[in-house]
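**Student:** Going by this note's numbering, the sequence shown runs without a break in its numbering and finishes at 124.
Have a look at the structure that comes next, please.
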Amino acid sequence: TDNDPWSRADGFRIGGGNHTFTAANPAARSRPRGRSSAGGDLTAQMPGLVREVLVSEGDTVERGQTLLILEAMKMEIRVSAPTDGVVKRLLVAVGDVVERGQRLAELSHQAES
């Protein structure tokens with residue numbers, strides 16, 4: 012609760028008076044960011060600006076590997092691979108503005124010959 016100096020959300024908060032300290036749950040940081048459909052499309056969870064693209068088409072990626080970095084509300088959001096696979100197509104480039112739900116990349120779940 013707001014009046015409780017010890018409360019928990021997705022991590023912990025210590026507060027008292029005018030001071031509050033919040034720390035994220037380390038396990039939450041390891042979860043892949045971005046959403047993937049059954050077809051392997053990776054989509055943006057929120058609107059933002061593409062700051063970095065860390066992979067190329069044809070690259071083999073591992074679950075949890077950062078593929079893109081978005082900036083939203085002055086925060087850096089790392090978009091990670093939801094599963095092992097291959098980057099089939101990149102649909103954005105550095106400097107692109109993306110909307111929530113926009114496709115960022117297509118991943119295949121296994122290497123194609």
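For glycine and all other residues, C-beta sits at the position ideal for the given N, C-alpha and C.
#1: What are the residues that DSSP puts in a beta bridge with D52?
#2: Which word fits A116, buried or exposed, when buried means at least 16 other C-beta atoms lie within 10 angstroms of its C-beta?
#3: Can you list the beta strand (DSSP E) stretches of 3 or more residues lying completely in the region 61 to 113, in chain order?
#4: If distances are taken between C-alpha atoms only, which option among A83, L78 and V97 comes closest to S91?
#5: Compute the Euclidean distance between the alpha carbons of K85 and R114, then round it to the nearest angstrom.
**Tutor:** Short version:
#1: Position 41 of the sequence shown, counted from the start, is the residue given in the question as residue 52. Note: D52 sits in a beta bridge opposite E117.
#2: Numbered from its first residue, the sequence shown carries residue 116 at position 105. Buried, since its Cβ has 16 or more Cβ neighbours within 10 Å.
#3: The beta strand (DSSP E) runs of length 3 or more contained entirely in the region 61 to 113 are, from start to end of the chain, 77 to 83, 86 to 91 and 96 to 101.
#4: Working through the sequence shown from its first residue, we reach residue 91 at position 80. If we check each option's Cα against that of S91, L78 comes out closest.
#5: Sequence index remark: in the sequence shown, residue 85 carries index 74 (1-based). Sequence index remark: in the sequence shown, residue 114 carries index 103 (1-based). Cα-Cα distance, rounded: 21 Å.
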